[in-house]
Each structure stands twice: as structure tokens, then as C-alpha cells.
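Peer 1: Before we start, here is the structure in question, set down as C-alpha cells.
2 protein chains.
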Amino acid sequence: MTDTTIRIAVDAMGGDNVPGVLVEGSTAAVRKYPDIEVTLVGNEKIVQDYIDQLRSREASGEKHTSTGKTDWSRIHIAHAEEVIDMCDAPARAIRTKKAASIVVANKLCRSGDVDAVISAGNTGAAMAASLLYMGRLQGVSRPAIMTLFPSVKGVVAVLDLGANTDCKPEHLYQFAVMASVFVSHVVGNKNPRVGLLNNGEERSKGNELTVGAYDLLEKSELNFIGNVEGRDIFKGTADVVVCDGFVGNVLLKFGESVFGFITYSIRKNIMKSIWRKIGAYLLKPVFREIKAEMSPEEYGGAPLLGVDGVSIICHGNSSDVAIMNAIRVARRLVVDKVNDQIKSELANKNMGKK
Amino acid sequence: MTDTTIRIAVDAMGGDNVPGVLVEGSTAAVRKYPDIEVTLVGNEKIVQDYIDQLRSREASGEKHTSTGKTDWSRIHIAHAEEVIDMCDAPARAIRTKKAASIVVANKLCRSGDVDAVISAGNTGAAMAASLLYMGRLQGVSRPAIMTLFPSVKGVVAVLDLGANTDCKPEHLYQFAVMASVFVSHVVGNKNPRVGLLNNGEERSKGNELTVGAYDLLEKSELNFIGNVEGRDIFKGTADVVVCDGFVGNVLLKFGESVFGFITYSIRKNIMKSIWRKIGAYLLKPVFREIKAEMSPEEYGGAPLLGVDGVSIICHGNSSDVAIMNAIRVARRLVVDKVNDQIKSELANKNMGKK
């Protein structure tokens, strides 16, 4: 391990397909990025068994989806006795299950043994564990969950998606700073347009929160383009869209259900004729592609921005590709020292601090 | 005109296709419902010219989409000198343009000359005019805009969609009462399940507003099923979903943009092969049907519930069918005395009153 090695902990026990997709996503990332090491956190025997299977498949010449041989010396295991289930109450679970994989993973980050944590388990528990063990980044009042939505003009970073249900204007300003730094480094858009999610475009529109946030954003050095509406997300009017975690959470979950509803409607309506059925058959690959495009995890999960570390939260049903993408994003955040930039951006401005 | 005649004012100058769709939607409704009279409000000459055209087309034997001959004696014109444009600032416009069609239409309701007002013009102006001239219904603190979303289990009434950006728990309770009465009469679902839009299903979830509203809804005699999430709307988990107007507005506009984004994605992805293009061609009618299904106005516009009158606000790009549907809903609200029932529901309960 060199000084520039990026060390990433992956919760191997959290998610719908454990430890399979976590181990496979991690080994794919290790093959792709020579500068990373992954620590799989979970039941040692279960994880080791899966690794052994993969190793013997690789030894027997089975092809990976990604190229190259795995450097197994860069894959480690940290044993964790317990697991936090999807149905566990987050705050309680991280207090009572101190030996749970997600808790152990976050403790590794706190002690400096790893630089980042990836989890596809209980979202609330992952968030609570990172908040507790990584702590807040200097200058940030409220860490926020962010994800990338697709749009006709490329991806749009939307936050907060549920970490903070009641927000103040300065929180929305901080979200905008954090997401702008993220987009600039991870998406590669150096001057992201920031929009304030509102119920109208006019400056006077909004509730107490957005009216206050408008003033702060306008005075900032961010590339603030004003209010944006619900329809502007898919239109790609802004590159960063800020809102409180209540609105963001409702929007995210509504958005996640859209594709399923459209698929349901198509199924219902194609039964009316054989030609429609043929049309649907021919369009199947298109629907698959759109489904993938509309799945935020394909862009690398949802980072919890504003914690003093890197924490990326993935969907429970993430694929190995999604896990690899999350590791890719985590690596980028560590390599580019994105947290240092967020700190310095917030420190430079005499505003938005609580 | 008999005692049981339902008199409906239609703003003939508001919307993208004036006065065409308004006049045609109104005449279709007059042919369908023998107990209604429609007053078209707008520039007398323009409206009369359009009516004359329609009459001569009908006289020459041209078939209507709906059956029967129009009883022209049940179609009236009320002259209005001015028009409020889509870009006019609502509150200011209704004060300065006293002779605007939407103002005149609402004044006709105030004076008792009509029972209901339909508008497809500037939404904010229509809302402001109804609030000002109809006034609030006894027991209602805040009138709210409602619409019906499609779901896999039938339509779902969602409110508020933008009339009130900052709400209190009792407002959400009142929204639930109003929408339950609406759904029971217009949709025909006698015991609608009421859901509180929240950022999680657990009782403890939410912001200050929803935590307070949960208590009120739970104590009420409504069929309250607890918190619902963004994904529950298309799932049809509840028949009535209440939220503040900020969240509802963001959701409505996001939802309106969904179909366009999916269409864009399909167009982009079918270019990859001729088979995909053929598939898309065969599925064209399916997409048309889904688009219609996802257009709230097909269910009869968005009623402003809680005003002392009936006010239905339609999309600017409403079709004649959408206008006819709005008149159908307005007629039902008047015939069933839905406002009296809302008043009595709110009066019977010793709660939710401000």
C-alpha cells in the first residue's frame, strides 16, 4: 500500500443480494483502478467463501465482464458479527448493534483505516452511522443526501433527498455549495448552474424557506440561475437543484415509481392488438435502456455530502455495476479532496454558516 | 330555465385555443346534459362569431363528435371587455383588469347568476378571482387546488397543488375532508382511503407539519390509512393524498414532465435500429393513450375546493373534451350539493377549525 492508495470499505452484508453483488462490484473496481484497496465488511466466513468461489472461477479461466486479472492482495475482509436489516429502525439499530457491518465500516473511516464507505443496506442506518462516526465536515450544518437525476441535457444533482426534513435557508445554501463542488469534480461540469426548487419561477414565489434561500443564493458566488420548478428537473434547466429533504424525498420516490407506472400502462394497453404486442416486443431493449438511465444508482449511488469522510449510499437492489460505480465516485471524491474544497468554499464566504 | 337548472360560466377567453375549445366543449356539454345552461364569458363579437360558425356547420348537417342537436337557447354570452394573459401577475391582474373575462365570470357566481365557473386561463388569476369573489366556504381556512392522478388502482385525488405554500396541520385535515367528499360524489368511491404524503411510512416520520397533521387525521372520522410516500401515488395506495401546496406543486409539475422525458428517451434510443423504429411506430397509439391517461385535465380539470361556489381550473392547452369533462364535474358538484356536505362535515367535527 502506497501513500496514494485509496482505501474503501464496502458493507458486504447490506442489500438484497449479499454478499454477491458487493464482492463482485468490489473486485471489478479493484481490476479497474490500480490505486484502490477494498475492505469488505461482514461475516468473515460468508465473505471469504464468496471470494474463494470467485477466485476459483477466475483461475479456471472464466471471463469477467471487465478485463484483467484481479489483484486479490488489494481485497481485504473486516469481520462484523451483526447485520442491520432493512426493517430495523435506523437510529436504534446503530446504537444497539455496535458490531453491525455498517457500523464497523464507518468506524474504520473514523479511525482513518479507510477513506470511504459504500453501503447498499438500510439507508437510514447507513446515514445515521456516517453522521455519528464520521461527524460533520467543518462549516456544514447539515449533511445531505444527493443523487443524479437524468435529464434531456445530462445529469442533474438533486439534494437533499431525505436527511433533513425541516431546513433553514443557510442549509439550502450549503447544499448548493456541496453539490456544485461535487458536480464540478465528478460530472466534470466546472460551472454548474444552481436552481432553487420552487412552486413558480418568479422571485417572489415560494414558502418561507425558499424565499430566504433565494436571497442567500443570489448573494453567493455560485452560478445561481433562480427558481426552478418540478418540470425543470427532467428538462435539465439547472445542473444542481436544491430543496429540503422532505420535498426531495417525495420527489425521489415519486420519480422511482414513474417507470413502473408507464410499464404497467403499456402492458395494459398493448393487450388490445397483436400489432401493439409486436411493437412492445421490438421496443423491449429500449425500455431496458431507459430503465437503466432512470436508475440513479447507475450514476454511482447517493453520496451523503457534508460528512467528514466519504459515504455513498446505494439502493438495496443495486447491481455489481452500480456498486462499482459507487466505488468509482468514492475514489474520485477522495482523489480530488472534494471535502477540502467544500470546507474552503464554505470558509471563504462569510455566509451560510450557522 | 327551471329551478333545477345548473348554470355554468365558462371563461371563453382563457387558454391556448380561444374561444374554440371553450365554445365547443360547452356546446358538447349542453347536448349531453339537458339540465345545464352555459354562459360563455368573453368578447361578445368573437364568441358570437364562433357560435354562428358552429350553428351553421350543425345546420349543414355536419356531425358532432357527440350525438344530438344543440339547444342553442341554453348557451348565453356575457360580454367581458378585457382578458388576463398567461403572463399577467395574478393578484395584480384581477385588481386592475376588473372587466377581464375571468373576473366577470366569478362575479356572476357571486351574484348568484351562475353556480359554477370554468377557466382554462391564467391559473393564479382564476384562483385569486374565485377566492376574492366567491369567498371561503364556512369552516374552511384555506381553499385548495386538487386534481386526480392516474394510478394502477384508479384515480387518486391529490391536494393542495399550489394554493397554499405554507400550511398548518388543520389545513391538511380540511383538505382531506374536502377531497373525501369530492371523491365520494364525483369518483363514486364512498369510503376513500386518505393518505398523508410523507417522507416515510412510519408514524414518527415527517416534518413539523406532517407530524401535527397525522394526529388530527388519526382522530378524525376519515378513513385515514397513515403516511404514504411519493411512490404510493402511482401505486394507488390511497384514494386521497394530502400535502401542502409547495410539495403538491413540485410533484404536479414533475409529474407533468415525466411523459415528455420518457418520449424523449424513447426517440433517442430508437434511432439505433430499424426494428426499434418499427416497434415505436406500432406502439404509437399506446403512447397516445398513456399520454391522455396521464393528463389530469382528462378527468375534468382541477377544482378549487373550499370556496363558496364551484370553480374548476383547467390547463391552458385543454381540449374541448377536457372542457366538457370540467363542466361534467362542476355539474356533479352542484347537483350533489358537495359544498353543503363539506360544510356539514367540518361543522360536525370539533376539530380542524381555525
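Chains as they are written, first to last, in this note's numbering: chain C, 527 to 880; chain U, 527 to 880. Using N, Cα and C, we set each Cβ at its ideal position, and we do this for glycine too.
Counting only beta-carbon atoms, is Leu825 of chain U nearer than 8 Å to chain C?
Peer 2: Sequence inspection shows Tyr at residue 825 of chain U; the Leu mentioned does not correspond to that position. Cβ-Cβ to chain C under 8 Å: no for Tyr825 of chain U.
Peer 1: Going by DSSP, name the residue or residues bridged to Phe675 of chain U.
Peer 2: Paired residue(s): U:Val682.
Peer 1: Who are the near neighbours of Ala654 of chain C in its chain, counting only those whose CB is closer than 6 Å to its CB and skipping five residues on each side?
Peer 2: Taken in chain order, the residues that qualify are Pro616, Ala617 and Ile620.
Peer 1: Tell me which residue opens and which closes the beta strand (DSSP E) that Asn749 of chain U is part of.
Peer 2: Element bounds for Asn749 of chain U: Asn749 to Val754.
Peer 1: Which residue comes first and which comes last in the beta strand (DSSP E) that contains Thr565 of chain U?
Peer 2: It spans Ile562 to Gly568 - the beta strand (DSSP E) in which Thr565 of chain U sits, taken as one unbroken run.
Peer 1: Name, please, each residue of chain C whose Cβ falls closer than 9 Å to the Cβ of Asp611 of chain U.
Peer 2: Correct list: empty, because the minimum Cβ distance to chain C is about 15 Å.
Peer 1: According to DSSP, is Leu830 of chain U part of a helix, a strand, or is it coil?
Peer 2: Correct three-state label for Leu830 of chain U: strand.
Peer 1: Considering only the alpha carbon of each residue, which of U:Ala538, U:Phe785 and U:Pro811 lies closest to Val643 of chain U?
Peer 2: The shortest Cα separation from Val643 of chain U among U:Ala538, U:Phe785 and U:Pro811 belongs to U:Ala538.
Peer 1: Look at His602 of chain U and Glu563 of chain U and say whether their C-beta atoms are less than 8 Å apart.
Peer 2: Yes.
Peer 1: By a C-beta neighbour count over all protein chains shown, 10 Å radius and 16 as the cutoff for buried, is Tyr807 of chain C buried or exposed?
Peer 2: It is exposed - the Cβ of Tyr807 of chain C has fewer than 16 other Cβ atoms within 10 Å.
Peer 1: Consider the C-beta atom of Ala848 of chain U and the heavy atoms of the ligand SAH; say whether any pair is separated by less than 7 Å.
Peer 2: The ligand SAH is absent from the structure shown, which contains no ligand whatsoever.
Peer 1: What is the rounded straight-line gap between the Cα of Glu871 of chain U and the Cα of Pro669 of chain U?
Peer 2: Approximately 15 Å, taken between the alpha carbons.
Peer 1: Would a check of beta-carbon distances place Gly688 of chain U closer than 8 Å to chain C?
Peer 2: Gly688 of chain U counts as touching chain C.
Peer 1: Helix, strand or coil for Ile469 of chain U, going by three-state DSSP, please let me know.
Peer 2: Summary: the structure shown does not reach residue 469 of chain U, with chain U confined to residues 527 through 880, and so no result is reported for it.
Peer 1: Exposed or buried, Ala625 of chain C, counting other C-beta atoms within 10 Å across all chains shown (16 or more means buried)?
Peer 2: Counting Cβ neighbours within 10 Å, Ala625 of chain C comes out exposed, since fewer than 16 surround it.
Peer 1: Rounded to whole angstroms, how far is the Cβ of Val684 of chain C from the Cβ of Ile759 of chain C, which I believe are closer than 8 Å?
Peer 2: Yes, they are in contact, since the Cβ atoms of Val684 of chain C and Ile759 of chain C sit about 7 Å apart, within 8 Å.
Peer 1: Quick one: using the 10 Å Cβ neighbour count with 16 as the cut-off for buried, is Gln579 of chain U buried or exposed?
Peer 2: Gln579 of chain U comes out exposed.
Peer 1: By the DSSP assignment, the alpha helix (DSSP H) with Val707 of chain C in it spans what residues?
Peer 2: Looking at the DSSP string, the run of the alpha helix (DSSP H) that includes Val707 of chain C is Pro695 to Phe708.
Peer 1: From Lys879 of chain U to His697 of chain U, what distance separates their C-alpha atoms?
Peer 2: With a pLDDT of 42 at Lys879 of chain U, under the threshold of 50, the modelled position of this residue cannot be trusted, and the question is left open.
Peer 1: Strictly by DSSP, which residues pair up with Val536 of chain C?
Peer 2: In the DSSP output, where bridge partners are listed per residue, Val536 of chain C has C:Leu566 and C:Ile644.
Peer 1: Using CA atoms only, rank isn't needed, just tell me which of C:Ser799, C:Val812, C:Trp801 and C:Arg858 is closest to Gly826 of chain C.
Peer 2: Gly826 of chain C has its Cα closest to that of C:Arg858, out of C:Ser799, C:Val812, C:Trp801 and C:Arg858.
Peer 1: Using CA atoms only, rank isn't needed, just tell me which of U:Ser586, U:Gly805 and U:Gly756 is closest to Ser677 of chain U.
Peer 2: The residue with the shortest Cα to Cα distance from Ser677 of chain U is U:Gly756.
Peer 1: For Asp686 of chain C, count the other beta carbons within 10 Å of its own beta carbon; 16 or more makes it buried, fewer makes it exposed. Which is it?
Peer 2: Buried is the call here.
Peer 1: Could you check where the alpha helix (DSSP H) with Gly551 of chain C kicks off and where it finishes?
Peer 2: Where Gly551 of chain C is concerned, the enclosing alpha helix (DSSP H) stretches over Gly546 to Lys558.
Peer 1: Three-state secondary structure (DSSP) at Ile610 of chain C?
Peer 2: In this structure, Ile610 of chain C counts as coil in the three-state DSSP scheme.
Peer 1: Which ranges does the beta strand (DSSP E) cover as unbroken runs of at least 3 residues, wholly within the stretch 760 to 814 of chain U, from first to last along the chain?
Peer 2: Correct list: 766 to 768.
Peer 1: Express the C-alpha separation of Leu743 of chain U and Asn865 of chain U in angstroms, rounding to a whole number.
Peer 2: Their Cα atoms are separated by approximately 20 Å.
Peer 1: Grab me the residues of Leu663 of chain C's own chain with a C-beta within less than 8 Å of its C-beta, minus the 5 sequence neighbours each way, in chain order.
Peer 2: Around Leu663 of chain C: Pro669, Gly832, Val833, Asp834, Asn865, Ile868 and Lys869.
Peer 1: Figure out for me which residue from U:Ile628, U:Val709 and U:Val666 has the closest Cα to the Cα of Pro695 of chain U.
Peer 2: Minimum Cα distance to Pro695 of chain U is reached at U:Val666.
Peer 1: Report the partner residues of His605 of chain U according to the DSSP bridge assignment.
Peer 2: According to DSSP, which records beta bridges pairwise, His605 of chain U is partnered with U:Gly568.
Peer 1: Note down, in chain order, each residue of its chain lying with its Cβ closer than 7 Å to the Cβ of Asn715 of chain U, except the 5 sequence neighbours on either side.
Peer 2: The residues are Val709 and Asp765.
Peer 1: Here's the rule: buried if 16 or more other CB atoms are within 10 angstroms of the residue's CB, otherwise exposed. What is Thr763 of chain C?
Peer 2: So Thr763 of chain C ends up on the buried side.
Peer 1: Tell me the rounded alpha-carbon separation between Val640 of chain U and Arg533 of chain U.
Peer 2: If I take the Cα positions, the gap works out to 5 Å.
Peer 1: Just confirm the distance between the C-beta atoms of Val754 of chain C and Asn724 of chain C, as a whole number of angstroms; I'd bet it's less than 8 Å.
Peer 2: About 7 Å; that satisfies the 8 Å criterion.
Peer 1: What separation, rounded to the nearest whole angstrom, lies between the Cα atoms of Tyr559 of chain U and Pro545 of chain U?
Peer 2: Approximately 21 Å between the Cα atoms of the pair.
Peer 1: Applying the criterion that 16 or more other CB atoms from any shown protein chain within 10 Å of the CB defines a buried residue, is Asp542 of chain C buried or exposed?
Peer 2: It is exposed - the Cβ of Asp542 of chain C has fewer than 16 other Cβ atoms within 10 Å.
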